[in-house]
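Undergrad: Please find one structure pasted underneath; my questions will follow.
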C-alpha cells in the first residue's frame with residue numbers, strides 16, 4: 024500500500040520569500056503524483072500533477088514541483104510567495120495499476136505574512 | 034458550471050443520533066469518493082463508487098458507516114449511532130472516469146459536530 028508523508032505541518036513566511044514543501048511517498052512501482060490546495064473557506068482544488076515525462080511540473084499561480092524518483096519525493100516550490108498563497112497544501116499519490124484511490128498526506132498549513 | 038455540491042454544509046447533532054450527508058457530483062462524472070478530514074489530519078479515504086461497479090468500502094471505519102449512490106449520481110453517506118470521534122469534515126469528490134489520469138473535483142464538505 025502506498026503512503027504519503029508531508030514533513031512540514033506548519034510553515035510561516037513573509038511575502039517574497041521562497042517556498043519549498045516536502046512530500047515523500049512510499050511505493051515501489053510507478054506512481055501518479057498530485058498537489059492540491061485548499062484556500063481559506065474554499066474547497067480543495069488541483070494545483071499540479073505528474074503522470075509521466077518531464078519530472079519538473081509547472082502548475083497554476085507560479086507553483087512547480089519536481090519528481091525525484093530516486094528520493095521518492097515530489098516537493099512543491101514557488102520562488103516568491105504572496106499573501107494570497109496562504110492555504111493548506113496536500114500532496115497525494117496514486118499507484119499505477121493499483122487502486123484508483125489517491126492517498127493523501129496530512130497537509131501543510133502555509134501562512135504568508137504581508 | 035456547477036461543481037460538486039454537498040449538503041448540509043454544517044451539521045450539529047447529539048451523540049447516538051443518525052446523520053445523513055449528501056453529495057451531488059459533477060454531471061457526467063462516474064467516479065465518486067468520500068473522505069473524512071479530522072483536525073490536523075490528512076484526508077482519510079472512506080468509500081469509492083465507480084459507475085455500476087460494486088463500491089470499494091475498504092476505508093469505512095466501522096459498520097456504523099454506510100453509503101449508497103443512486104442512479105450513478107447522488108450519493109448519501111450515513112452514520113448511525115454517532116460518536117464524538119465522528120466529528121470531522123466529510124468531503125466528497127468526483128472525477129470523470131475510472132482512469133487515474135482524471136483529477137478529483139472536491140465539494141466544500143460537511144462539517145459534522147457531535148455533541
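Protein chains in written order, with this note's numbering: chain A, 24 to 137; chain B, 34 to 148.
All C-beta atoms, glycine included, are put in the ideal place defined by N, C-alpha and C.
Since we're looking at a predicted model, the values are computed, not measured.
#1: With distances taken between CB atoms, is the gap from residue 81 of chain B to residue 137 of chain B smaller than 8 Å?
#2: For a quick check, are the C-beta atoms of residue 34 of chain A and residue 116 of chain A less than 8 Å apart?
#3: Pick from B/125, B/48, B/130, B/44: whose alpha carbon is nearest that of residue 117 of chain B?
#4: Express the C-alpha separation of residue 37 of chain B and residue 75 of chain A in angstroms, rounding to a whole number.
#5: Over the uninterrupted beta strand (DSSP E) stretch that includes residue 73 of chain A, give me the two end residues.
#6: Closest Cβ-Cβ distance between residue 74 of chain B and chain A: below 8 Å?
#7: Against chain B, which members of the stretch 29-42 of chain A pass a CB distance test of less than 9 Å?
#8: Using only the heavy atoms of the ligand FAD, determine whether one of them is closer than 7 Å to the beta carbon of residue 126 of chain A.
#9: Find the residues of chain B that neighbour residue 72 of chain A, judging by a C-beta separation of less than 8 Å, and give them in chain order.
#10: Answer yes or no: do residue 44 of chain A and residue 104 of chain A have a C-beta to C-beta separation smaller than 8 Å?
#11: For residue 90 of chain B and residue 122 of chain B, I'd like the C-alpha separation in whole angstroms.
#12: Leaving out five residues before and five after residue 30 of chain A in sequence, what residues of the same chain have Cβ atoms less than 6 Å from its Cβ?
#13: Which residues in chain A sit within 8 Å of residue 140 of chain B, going by Cβ to Cβ distance?
#14: Give me the chain B residues within the contact set of residue 127 of chain A, using Cβ-Cβ distance strictly less than 7 Å, ordered along the chain.
#15: Give me the chain A residues within the contact set of residue 66 of chain B, using Cβ-Cβ distance strictly less than 8 Å, ordered along the chain.
#16: Please state whether DSSP places residue 134 of chain A in a helix, a strand or coil.
#17: Taking residue 142 of chain B and residue 124 of chain B to be in contact with their CB atoms under 8 Å, please state how far apart those CB atoms are, rounded to whole angstroms.
#18: So residue 46 of chain B is in the beta strand (DSSP E); what residue range does that whole segment cover?
#19: Just grab the DSSP bridge partners of residue 125 of chain B for me.
#20: Would you mind sorting residue 107 of chain A into buried or exposed? The rule is 16 or more other CB atoms within 10 Å of its CB.
#21: Return the bridge partner residues of residue 77 of chain A from the DSSP annotation.
#22: Does the separation of the CB atoms of residue 102 of chain B and residue 108 of chain B fall below 8 Å?
#23: Which class does residue 117 of chain B belong to by DSSP, given the choice of helix, strand or coil?
#24: Taking C-beta to C-beta, are residue 58 of chain A and residue 71 of chain A nearer than 8 Å?
TA: Let's see:
#1: Residue mapping note: residue 81 of chain B aligns to position 48 of the second chain, counting from 1. Residue mapping note: residue 137 of chain B aligns to position 104 of the second chain, counting from 1. Cβ atoms of residue 81 of chain B and residue 137 of chain B: not closer than 8 Å.
#2: On the first chain, position 11 is the one that residue 34 of chain A refers to. On the first chain, position 93 is the one that residue 116 of chain A refers to. No, Cβ-Cβ distance for residue 34 of chain A and residue 116 of chain A is not below 8 Å.
#3: Here residue 117 of chain B refers to the residue found at position 84 when the second chain is read from its first residue. Residue B/48 is the option with its Cα nearest to residue 117 of chain B.
#4: In the first chain, the residue the question calls residue 75 of chain A occupies position 52. In the second chain, the residue the question calls residue 37 of chain B occupies position 4. Between residue 75 of chain A and residue 37 of chain B, the C-alpha separation is close to 28 Å.
#5: For the purposes of this step, residue 73 of chain A is identified with residue 50 of the first chain, where counting begins at 1. Here the beta strand (DSSP E) through residue 73 of chain A covers 68-73.
#6: Position 41 of the second chain holds residue 74 of chain B. Interface flag for residue 74 of chain B against chain A is set, since a Cβ pair is found closer than 8 Å.
#7: 29, 32
#8: The model on display carries no ligand, and the ligand FAD is accordingly not part of it.
#9: The count along the first chain starts at 1 and reaches residue 72 of chain A at position 49. Result: 136.
#10: If you number the first chain from 1, residue 44 of chain A lands on position 21. If you number the first chain from 1, residue 104 of chain A lands on position 81. Taking the C-beta atoms as reference points, residue 104 of chain A is found no nearer than 8 Å to residue 44 of chain A.
#11: Within the second chain, residue 90 of chain B is the residue found at index 57, counting from 1. Within the second chain, residue 122 of chain B is the residue found at index 89, counting from 1. One C-alpha to the other measures close to 19 Å.
#12: If you number the first chain from 1, residue 30 of chain A lands on position 7. So the qualifying residues of the chain are 45.
#13: Here residue 140 of chain B refers to the residue found at position 107 when the second chain is read from its first residue. 66, listed in chain order.
#14: Within the first chain, numbered from 1, the residue matching residue 127 of chain A stands at position 104. Ordered by position in chain B, the residues that pass the 7 Å Cβ test against residue 127 of chain A are 75, 76.
#15: Residue mapping note: residue 66 of chain B aligns to position 33 of the second chain, counting from 1. Within chain A, the residues near residue 66 of chain B are 124.
#16: For the purposes of this step, residue 134 of chain A is taken as residue 111 along the first chain, with counting starting at 1. Strand, per DSSP.
#17: Start at 1 with the first residue of the second chain, and residue 142 of chain B comes out as number 109. Start at 1 with the first residue of the second chain, and residue 124 of chain B comes out as number 91. Confirmed, Cβ separation roughly 5 Å.
#18: For the purposes of this step, residue 46 of chain B is taken as the residue at position 13 of the second chain. That run of the beta strand (DSSP E) goes 43-46.
#19: Your numbering for residue 125 of chain B matches position 92 in the second chain. Beta-bridge pairing links residue 125 of chain B to B/67.
#20: Position 84 of the first chain holds residue 107 of chain A. Burial call: exposed.
#21: Numbered from its first residue, the first chain carries residue 77 of chain A at position 54. Bridge partners of residue 77 of chain A: none, in fact.
#22: Numbered from its first residue, the second chain carries residue 102 of chain B at position 69. Numbered from its first residue, the second chain carries residue 108 of chain B at position 75. With respect to residue 108 of chain B, residue 102 of chain B sits close: the two C-beta atoms are nearer than 8 Å.
#23: Reading the second chain from its first residue, position 84 is the one you call residue 117 of chain B. Three-state result, residue 117 of chain B: helix.
#24: Translated into the one-based positions of the first chain, residue 58 of chain A becomes position 35. Translated into the one-based positions of the first chain, residue 71 of chain A becomes position 48. Going by beta carbons, residue 58 of chain A and residue 71 of chain A fall inside the 8 Å limit.
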